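Okay, so here's the structure we're looking at.
In the numbering used here, the protein residues as written are 66 to 349.
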């Protein structure tokens, strides 16, 4: 695994210590710096845990600020160092929240969190739709002054480029000849089927409460994937024939037709369907 141990504090800027804990620490630190030392590990724990389960906010919504925002920028900077020329943007992070015992005090001004196992997904903002999976047993170092707490270094990540367009196109083609309970599906293709069930359940909800709870498909074809923006991709395919079966006592079946439009978002570890539209179901 590639290791980088570099100073990135100058490129990230200072993260002003925020919140009630930090504010009290700074005020007390004017006369007794030991109080500041005692509460800094707790602040680091709280800020890191803000990013556990992180998903990039929707367009126009603010991202994490303060030290959590600087940690996120530090992770992206490490990944950009590994991938020269890539304008790296982190889409999501998955890791277990840390405890206070995970924050080590190195002297009076340096703190470390070691072996933080993180997996996530990111993308190149300039060469869309190139996606990256990354993982690593990550080491974080923090440096404190009397008025600010900064990320000093990040190491331990590796990243792998994936072709999102190819993954999505392959997933839609998996549905061609799909039979429920018989055909194995990838994570992305399975999410498309789940979204189809949700969509048809909604549009058939008023039909005497007889709605499909599982679907079986045959002879589905798909065309090329079209990217629509930095966060989402659209896959369109024509459903030439198919059936939906209500697994309740009624056993009602439906013939399915239509041109399905699938909105697919970046997911971890693979793109996932967010919504489906354009299908119709007719009782047999």
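Every residue gets a Cβ at the ideal spot worked out from N, C-alpha and C, and that includes glycine.
Given the structure is predicted, the values throughout are model-derived calculations rather than measurements.
Residue pairing by DSSP places residue 155 opposite 187 in a beta bridge. Looking at the DSSP output, residue 256 bridges to nothing. Between residue 172 and residue 218, the alpha-carbon positions lie close to 16 Å from each other.
Taking 8 Å as the cut-off, the beta carbon of residue 231 is found no closer than this to the beta carbon of residue 254. Taking a contact to require three or more Cβ pairs closer than 8 Å, the segment 335 to 344 and the segment 243 to 254 qualify as touching.
Shown here for residue 179: same chain residues with a beta carbon closer than 6 Å to its own, the five before and five after excluded, namely 204 in chain order. Pairing residue 183 with residue 158 gives a Cβ-Cβ distance under 8 Å. By the neighbour-count definition (other C-beta atoms within 10 Å, threshold 16), residue 168 is a buried residue. Residues 198 of the same chain have their beta carbon placed closer than 6 Å to that of residue 225, with the five preceding and five following residues left out of the count. The Cβ-Cβ distance between residue 300 and residue 268 does not fall below 8 Å. For residue 303, the CB contacts under 7 Å within the same chain, skipping 5 residues up- and downstream, are 286, 324 in chain order. Inclusion of residue 140 and residue 155 in the CB contact set at 8 Å is warranted, their separation being smaller than that value.
Exclusion of the five residues before and after residue 308 leaves 281, 318, 319, 320, 321 as the residues of its chain whose Cβ lies within less than 7 Å of its Cβ.
Around residue 121, the same chain offers 156 as residues with beta carbons nearer than 6 Å, after the five sequence neighbours per side are excluded.
Among the bridge pairs identified by DSSP, residue 177 is matched with 169, 206.
In this structure, the CA atom of residue 149 is about 37 Å from the CA atom of residue 341. Sequence-distant partners of residue 177 (beyond 5 residues in either direction) whose C-beta falls short of 8 Å from its own C-beta, in its chain, are 168, 169, 171, 204, 205, 206, 207. Cβ neighbours of residue 106 within its own chain (closer than 7 Å, five residues either side excluded): 165, 168, 170, 176. For residue 238, same chain residues with a beta-carbon under 6 Å away, outside a window of 5 residues either side, are 287 in chain order. By the CB criterion at 8 Å, residue 200 and residue 223 fall inside the cutoff.
Between the alpha carbons of residue 126 and residue 227 lies a distance of about 27 Å.
For residue 232, the enclosing alpha helix (DSSP H) starts and ends at 229 to 239.
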